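Inspection log for the structure reproduced underneath, given as structure tokens.
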Amino acid sequence: MQPSNFAARVGKWSAQHRRTAILGWILFVVLAVVVGGAIGQNDLDDAAAGSGESKRGDMIVEAAGFPDESQEQVLVQGRSADDPAVAAAVEDVVSRLERIDGVTGIERPLASQDGRSILVSFMLRGSDERAETLVEQPLAAVAAVQAAHRDVRVEEFGQVSATKAIAEQDAKDGKQSQLVSNVLMLIILLVAFGAVVAAGLPLVLGATAVAAAVGLVGPVSHLYALPADVAELMVIIGLAVGVDYAMFYSRRVMEERDRGRSVEAAVEVAAATSGRAVLVSGLTVLTAMAGLLFAGNPIFVGFGVGTMLVVAVALLGSLTFLPAMLAFLGRRNWLEKGRMPFITKRRHANKGQSRVWGAVLTRVLKRPAVSTAVAGGLLVALSIPALGMQFKNPGFDGYSRSQPAIQTHDRLQAAFPGGAVPATVVVKADDVTAAPVQDAIEQLHDRALATGRLFEPSRVEISPDKSVAVVALSVEGSGTDAASERSLDVLRSQVVPATVGKLAGVEVAVTGVTAGSKDFIDAMTARAPLVFAFVLSLAFILLLVTFRSIVVPIKAIVLNLLSVGAAYGVLVLVFQDGHGEKALDFQSVGGIAPWIPLFLFVILFGLSMDYHVFILSRVREAYSRGMSNDDAVAHGLKSTAGVVTSAALVMVAVFGSFALAGDQLAKQIGIGLAAAILIDATIIRAVLLPATMKLLGERNWYLPQRLSWLPETAAAHA
């Protein structure tokens, strides 16, 4: 069955059986939420989330039965490590920690090379959940020591305490971002529809689709473990596509009503036109998201599963619940309740077309060659900085320096470089306590320190069954910068092969933050071509079948790649080169997070296709009714410019609010997505798309004779 026929039939059925469709959707959402809450999410294990050698090392440690422990460190700083005030504070710290149940492995205090700092390391024993509760006691003890010894600085930093502090700040940032995006979204929808009820319907669809999809994560995650934060991504994507689809559908119904059609007729026309565009858009987005399944990393696969799930649910709601609600509200004249007279009057006067974009389009179509050259040149210029993109995981350097936990990290890093994010050498043997293995581990330690690239503090842990030893060594730099990678290279290529790597029957792997980041970058670089090829190929086939033209899909792919390239360029200019540090309140780390480009490509390619399919569907519809190519382009663009702009602004508001976060990763995602969507909805859709369609003329719809077997779509005869 053709997409248009299917969408039309489902929409017509839903409008005629609106009570069944509405109640069915509500029941589906409630059941999904209840079942998901009862089952709970099965989170992806951290050890299984890595790549390459570091993943192998993490898996060995995971299987070795090490007790659940997390390292914490207390930094004591004064005029000198020999200062009696410093010594008294250190003694007080150790004394208080020894009295806390669950605190183990308190190490001998270590002095820094500059002689101003003392480091006290200890372990928190227990699961992550228990450690998060238990860490409150050491934090309180450290605070008490600080209060009792005001002449020195006493502060704690570690995996658990830092994660807890950062999570609390992220929660505050998230609430602020959500409030800002929700307010902006509501304002945009009110301006777009000119009525409170009509503006609220897209939000209802988006919110219910997200709720149902997040609920379904529970049972799905027990078939395939998903990342713990997959729901956060699903909320963003689900809200964006849900609101977009509802806007496309609802605006078409309102346009048909403005033309004098009955409610039933308006919904039926919208189902056969906008409903078809929504279906094709949804399938294209699903195709793009499926590319994440080929990224070769469980985290990406999990994100792919989650985003595909929420898009599929939003698509289902758009084809069933939405036309039923439009018919229900329309029959009771509720759709335009809460009218804003000025906006409604303007919509009627302009016949649903945007005067601003109409004026822009008139000029673009008058000089298509110049418009193509100028707009294309601008996007190419924006894309050029992307050629110099460097990959760097921001790590702790990516957080706002105003956070106390990050300030502590910086002081700890300055006094004991690499101590907070050590490299670990995992050694697996029949008995790691045997003399040859112990001798090799001692040689590993001594050779590592002799290189000048690895430092104290260091430690050695042995599993209960004595089959695995973990040797931790401090690296240069912050753990994710070039200095840390040099330390890793020395450890992997020189130190390990000359020591534990020579032992027969022993398995060795280097892991840790630096190794995990390096292995992840290598894996992404290797798999990226496959992801790109998959997404582009399937998108080409889908658009070819939908529009029965070989030119349309080629041009769509080229234009989308231009918008993605320009977004990459913006990311490099802002986050790698540091243009905008003050405005966005961040400190450049000199690179882009390694997973961001691939992630953005998949997300952006899918979302930008929404607009492309929606616009081209209107153009094709007009062309099939007998309009000339030029008139069809003008009609299609003018009639969709307003809703596309509004939909794009909604996405920009949602994504742009991430710039308020203190985490640079969130900023990179938000700015990258917002920039690409803005570029796509303005330069691409308002200038390059109509200009190139004007230049190509009838060739837009060229289909080689050998592909004439492709089925005609209903849009071609609308």
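Residue numbers for the sequence shown follow our numbering, beginning at 330 and rising by one.
Where a beta carbon is used, it is the ideal one built from N, C-alpha and C, also for glycine.
Remember, it's a predicted structure, so these values are computed and weren't measured experimentally.
When DSSP states are grouped into helix, strand and coil, A857 belongs to the helix group.
Setting aside the 5 residues that flank it on each side, S510 is surrounded in the same chain by A982, V983, S986, each with a C-beta closer than 6 Å to its C-beta; the list follows chain order.
Per DSSP, the unbroken alpha helix (DSSP H) holding S816 starts and ends at 811–819.
H551 and F863 have their C-alpha atoms some 27 Å from each other. A distance below 9 Å separates the beta carbons of A460 and V489. Across the set G781, A798, A779, T780, the C-alpha of A798 shows the shortest separation from the C-alpha of R788. Under the DSSP assignment, K757 falls in the beta strand (DSSP E) whose first and last residues are 752–757. In the three-state scheme derived from DSSP, where H, G and I count as helix and E and B as strand, D558 is classed as coil. Less than 9 Å divides the Cβ of G1001 from the Cβ of A896. Partner residues in the beta bridge of R788, as assigned by DSSP, are A801. By the neighbour-count criterion, in which a residue is buried when 16 or more other Cβ atoms sit within 10 angstroms of its Cβ, P882 is buried. Within the same chain, and ignoring the five residues on either side of A995 in sequence, the residues whose Cβ sits closer than 6 Å to its Cβ are F987.
I735: member of the alpha helix (DSSP H) spanning 733–744, first to last residue.
Here the alpha carbon of F577 sits roughly 51 Å from the alpha carbon of D397. The shortest C-alpha to C-alpha distance from M583 to any of K757, A569, A599, L873 is the one to A599.
For the 9 Å CB-CB criterion, A344 and V526 do not form a contact.
Counting every other CB atom within 10 Å of its CB across the protein chains shown gives A472 a total below 16, marking it as exposed. The residues V609, in chain order, have a CB closer than 6 Å to that of T875 in the same chain once the five nearest residues on each side in sequence are set aside. Straight-line measurement puts the Cα of P556 at about 35 Å from the Cα of V483.
Secondary structure at E665: coil, using DSSP grouped into helix, strand and coil. The beta carbons of Y728 and D992 sit about 6 Å from each other, so the pair counts as a contact at 8 Å. Distance check between A378 and each of Q507, E391, W1030 places E391 closest, using alpha-carbon atoms only. In the DSSP assignment, T840 falls within the unbroken beta strand (DSSP E) covering 836–841.
Taking one beta carbon from each stretch, the segment 485–501 and the segment 436–444 have fewer than 3 pairs nearer than 8 Å; the two do not touch. In the three-state scheme derived from DSSP, where H, G and I count as helix and E and B as strand, Q442 is classed as coil.
Excluding the 5 residues flanking it on each side, G571 has same chain C-beta neighbours closer than 6 Å at L534, G535, A538, A643, in chain order.
A distance below 9 Å separates the beta carbons of L859 and F623. Taking C-alpha positions only, G705 is separated from L1017 by approximately 7 Å. Counting only the Cα atoms, Y952 lies some 32 Å from A524.
In this structure, D421 lies away from A491, with their beta-carbon atoms at least 9 Å apart. Just measuring C-alpha positions, the residue of I495, L568, P826 sitting nearest A641 is L568. By DSSP's assignment, S399 forms a beta bridge with L453. Contact between A827 and R776 holds: their C-beta atoms lie close to 6 Å from each other, under 8 Å. Contact between the segment 357–368 and the segment 659–667 is absent: fewer than three C-beta pairs spanning the two stretches fall below 8 Å. Excluding sequence positions up to five before and after L612, its CB lies within less than 7 Å of the CB of L871, all in the same chain and listed in chain order. Counted as a single uninterrupted DSSP element, the alpha helix (DSSP H) harbouring G503 occupies residues 488–522.
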